[in-house]
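Chemist: So the sequence shown is numbered by the numbering used here: it starts at 12 and just counts up by one.
C-beta: ideal position from N, C-alpha, C; glycine also.
As the structure is a prediction and not an experimental result, all values here were calculated from the model.
Shown below is the structure under consideration.
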Amino acid sequence: MNNDLVAFLTARLDEEADLARRLDGAGCCGEWTASGDTVDFCQVDLAGFHPTIAQHVALHDPARVLREVEAKRRVLSRHALSPAEGDPERPWDNRDDCQFDGGLWPCDDLLDLTLPYQDHPDFPERYKPNRGTEERSGTTRAPDRARNSGESQGKQEQSTEPQP
12 MNNDLVAFLT ARLDEEADLA RRLDGAGCCG EWTASGDTVD FCQVDLAGFH PTIAQHVALH
72 DPARVLREVE AKRRVLSRHA LSPAEGDPER PWDNRDDCQF DGGLWPCDDL LDLTLPYQDH
132 PDFPERYKPN RGTEERSGTT RAPDRARNSG ESQGKQEQST EPQP
């Protein structure tokens, strides 16, 4: 198992943090506020927004984005790949697992972190959610962990056998 998903997420978090730092480049407070149709960007007030848009913009100020990126980095760090190769403490072979919860890697928490980026052109194809299910239900789900790990092949083979 390679860490293409981790590399992808790390790159997206780096991009978000870099953009947030550039938005606060003049050493401004980094905290934006909204009042009616106006957003206070610390250095300048811009009016003319729909009040809901102004609130949304203010909610995503650089200070908050940097806190969110840091929180996601901590989650990503906790849910690191723990290869089973050569570890006498693990009785199973050929299965990578999550260092945090011991489940199949990538775990659901890690896959959930990828959902906001699923439309990014560099998103690893094998982790994309099942589009057909999403379109029918109107929800977005993380991809199937077993499908991405190779374990689903054995399950599929078992499920195609005739039932007694």
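Taking the beta carbon of H71 as the centre, do at least 16 other beta carbons fall within 10 Å, making it buried, or is it exposed?
Modeler: With fewer than 16 Cβ atoms within 10 Å of its Cβ, H71 is classed as exposed.
Chemist: Output yes or no for whether 9 Å exceeds the beta carbon distance between T49 and L57.
Modeler: For T49 and L57, yes; Cβs fall inside 9 Å.
Chemist: Taking L87 and A31 to be in contact with their CB atoms under 8 Å, please state how far apart those CB atoms are, rounded to whole angstroms.
Modeler: With 8 Å as the limit, L87 and A31 do not qualify as a contact, their Cβ atoms being about 17 Å apart.
Chemist: Can you give me the C-alpha to C-alpha distance between A69 and P135, rounded to a whole angstrom?
Modeler: Their Cα atoms are separated by approximately 31 Å.
Chemist: Can you tell me whether DSSP reads A177 as helix, strand or coil?
Modeler: Nothing can be reported for residue 177: it is not among the residues displayed for the chain, which extend from 12 to 175.
Chemist: Considering only their Cβ atoms, is the gap separating Q110 from A91 smaller than 9 Å?
Modeler: Going by C-beta atoms, A91 is nearer than 9 Å to Q110.
Chemist: What span of residues does the alpha helix (DSSP H) with D25 cover, start to end?
Modeler: That run of the alpha helix (DSSP H) goes D15 to L34.
Chemist: Using only alpha-carbon positions, find the residue among R84, D29 and V17 that is nearest to P73.
Modeler: Checking every option, the nearest Cα to that of P73 belongs to D29.
Chemist: Specify, as a first and last residue, the run of the alpha helix (DSSP H) that D120 falls within.
Modeler: That run of the alpha helix (DSSP H) goes D119 to T125.
Chemist: Sort W116, S93 and G47 by Cα distance to T63 and report the nearest one.
Modeler: Cα-wise, what sits closest to T63 is G47.
Chemist: Based on Cα-Cα distance, which residue from P132, Y138 and H131 lies nearest to A119?
Modeler: Residue identity check: residue 119 is Asp in the sequence provided, not Ala. Nearest option by C-alpha distance: Y138.
Chemist: In angstroms with no decimal places, state the Cα-to-Cα distance between L121 and P132.
Modeler: Looking at the two C-alpha atoms, the distance is approximately 19 Å.
Chemist: Excluding the 5 residues preceding and the 5 following Q129 in the sequence, name in chain order all residues of the same chain whose CB lies nearer than 7 Å to its CB.
Modeler: The residues are K139 and P140.
Chemist: In or out: D108 buried (at least 16 other Cβ within 10 Å) or exposed?
Modeler: That one is buried.
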